[in-house]
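I have placed the structure first, in the form of structure tokens, so that the comments after it can refer back to it.
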Amino acid sequence: MKWYSCGADINHYWTINALPMFRKDLNSTRELLARLSERAGGGIFTLDDAAAAMTRSRPAVSRRLSAMVRAGWIARVKRGVFAIRPLEASAGTEVAEEDPWVVAARAFSPCYVGGWTAASHWGLTEQLFKTTLIVTARKLRSANITLGSSRFHVVRDSRARPGGVTNAWRANAKVFVSSVERTLLDGCAHPAWVGGGRQLVEIFRSAVRDGLVREERLEDAAGSIRRGAALGRLGLLLERFLPDAKRLITYAQAHRGTGVVPFDAGVKRRGTLTKRWGLWQNVTLPDADA
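Quick note on our numbering: the sequence shown kicks off at 836 and runs consecutively.
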């Protein structure tokens, strides 16, 4: 995809500042686009990025960006987040963002890609989801948000970057995604994040079967779990699919909650009471080698 660059036909917007035709004139829209391109990850930049590039007050920067949106140089993804338009996009047309992960990293920061999206990223599930699940520390009015052509389901965790979150590079931008272990633990705490209890069982079994789970990493990340019910689900799944993780099973047993909760609150069936883990087992757990 080609990006606006003084009308020059180039393939990578991050190289445009090296072209000699650019003059160092902040009043030039084209020069400003060059500076914004240097800061934009995957063609996406924020109002703060623009303020740093222009060295002007935020109100002045906001007015300038609004003028650029009207002129068709850039597109507003959401308040305070913009996309540099590709060369082939005409003014007034919707911009299809390169990567929803990059959009999310700018729009919901601090955040990480998690849940069913991370499970798919690590090859733990073949199920396809149309929305990208994002875990953020920010308080948002709605959980389901559409930005441009990207659809997000956004959930909140005040920590934003708990243990077990790793880096990934998308469209020349660094984003954060939950590791295999963090994805499993998030699913134990919030089964809905991975698509429900049945999906949690499947991705847990898949991760163990394919040798993607590192027991020591799971132990390190488990220390950040603040929900007793999560440890109950984790213990039940470990006993079924990773019984050799004795130390972690003991930890889960010692720190699980004292109450009884359903394995999947989204399933109406009550299921069988598993006193050891304080769970109503209302989803089927297949054999480890099934």
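Ideal Cβ positions, reconstructed from N, Cα and C, are used throughout, including at glycine.
My assumption, with CB atoms under 8 Å, is that residue i sits in contact with residue j. Please give the rounded CB distance.
{"i": "D884", "j": "L871", "result": "7 Å"}
{"i": "G1126", "j": "G1106", "result": "Any property of residue 1126 remains undetermined from this structure, which presents the chain solely from 836 to 1125."}
{"i": "I1038", "j": "L1019", "result": "7 Å"}
{"i": "V1000", "j": "R1017", "result": "6 Å"}
{"i": "R1075", "j": "L1035", "result": "Not really, about 12 Å apart at Cβ, beyond 8 Å."}
{"i": "W777", "j": "P1097", "result": "Past the boundaries of the shown model lies residue 777; the chain is included only from 836 to 1125, so the question cannot be answered."}
{"i": "A888", "j": "R898", "result": "Contact flag wrong, Cβ pair sits at about 15 Å."}
Using only CA atoms, which one of the options lies nearest to residue i?
{"i": "V1102", "options": "G1092, V1118, G1113, T981", "result": "V1118"}
{"i": "K1081", "options": "L1053, A887, G949", "result": "L1053"}
{"i": "H1025", "options": "F987, A1089, L1069, T966", "result": "L1069"}
{"i": "A1008", "options": "T1018, G878, L867", "result": "G878"}
{"i": "A954", "options": "L1108, V1048, R1062", "result": "V1048"}
{"i": "T1109", "options": "R920, L1072, D1122, L1077", "result": "L1072"}
{"i": "W1133", "options": "R874, A939, L868", "result": "Nothing can be reported for residue 1133: it is not among the residues displayed for the chain, which extend from 836 to 1125."}
{"i": "Y947", "options": "V912, G998, R1075, S985", "result": "G998"}
{"i": "A1027", "options": "L882, A1065, A895", "result": "A1065"}
{"i": "M903", "options": "N979, G950, L882", "result": "L882"}
{"i": "R1005", "options": "V938, R893, R911, S892", "result": "V938"}
{"i": "A1089", "options": "R986, G1063, R905, V1015", "result": "G1063"}
{"i": "T952", "options": "V896, G1022, D1079", "result": "G1022"}
{"i": "L1083", "options": "I1060, E1050, S1059, G949", "result": "E1050"}
{"i": "T966", "options": "L959, G983, R891", "result": "G983"}
When DSSP labels each residue in this structure, what does residue i get in the three-state scheme?
{"i": "R1126", "result": "Shown here, the chain extends from 836 to 1125; a query on residue 1126 therefore has no answer."}
{"i": "Q1088", "result": "helix"}
{"i": "S1013", "result": "strand"}
{"i": "W1112", "result": "helix"}
{"i": "L1120", "result": "coil"}
{"i": "F917", "result": "strand"}
{"i": "F880", "result": "strand"}
{"i": "I1038", "result": "helix"}
{"i": "R870", "result": "helix"}
{"i": "T890", "result": "coil"}
{"i": "E923", "result": "Confidence is the limiting factor: at E923 the pLDDT is only 48, short of 50, which leaves the residue's position unreliable and the question unanswerable from this model."}
{"i": "P935", "result": "helix"}
{"i": "P1026", "result": "helix"}
{"i": "T981", "result": "strand"}
{"i": "R1049", "result": "coil"}
{"i": "R1033", "result": "helix"}
{"i": "D992", "result": "coil"}
{"i": "V1043", "result": "helix"}
According to DSSP, what are the bridge partners of residue i?
{"i": "R1005", "result": "A1008"}
{"i": "A910", "result": "A918"}
{"i": "C946", "result": "T971"}
{"i": "T1107", "result": "Q1116"}
{"i": "V1000", "result": "S1013"}
Q: Evaluate contact between the region 969-976 and the region 986-995, counting only Cβ atoms and requiring at least three cross-stretch pairs below 8 Å.
A: yes
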